[in-house]
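Novice: In full-length UniProt numbering, the protein residues as written are 1 to 71.
One structure, as structure tokens, below. Some questions next.
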């Protein structure tokens with residue numbers, strides 16, 4: 001068995017990230033996906049329901065034009 005050195009690092013798939021990093025990535029991806037779904041739903045709301053919410057079609061277009069990572 002050979003020892004791992006700086007010139008012979010562990011293979012990428014064998015490296016483990018810290019649990020906090022993995023948790024943060026999964027939470028971040030989930031938040032981004034949820035935001036994407038919310039914007040899809042917002043785009044389908046009728047105008048009379050938008051008025052009830054106090055939103056204009058321009059507000060909806062502006063929000064839906066944002067990328068999934070933008071809050």
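All C-beta atoms in this analysis are idealised placements derived from N, C-alpha and C, irrespective of residue type, glycine included.
Quick caveat, the model's predicted, so the values are computed rather than measured.
Taking the alpha carbon of residue 67 as the point to measure from, which residue in 35, 24, 41 and 48 has its own alpha carbon closest?
Specialist: Residue 67 has its Cα closest to that of 35, out of 35, 24, 41 and 48.
Novice: Determine the direct distance from the alpha carbon of residue 18 to that of residue 42, and round the result to whole angstroms.
Specialist: The alpha-carbon atoms of residue 42 and residue 18 are separated by roughly 36 angstroms.
Novice: Quick check: the Cα distance between residue 63 and residue 44, rounded to an integer number of angstroms?
Specialist: The alpha-carbon atoms of residue 63 and residue 44 are separated by roughly 13 angstroms.
Novice: Expressed to the nearest angstrom, what Euclidean distance is found between the alpha-carbon atoms of residue 55 and residue 38?
Specialist: Their Cα atoms are separated by approximately 15 angstroms.
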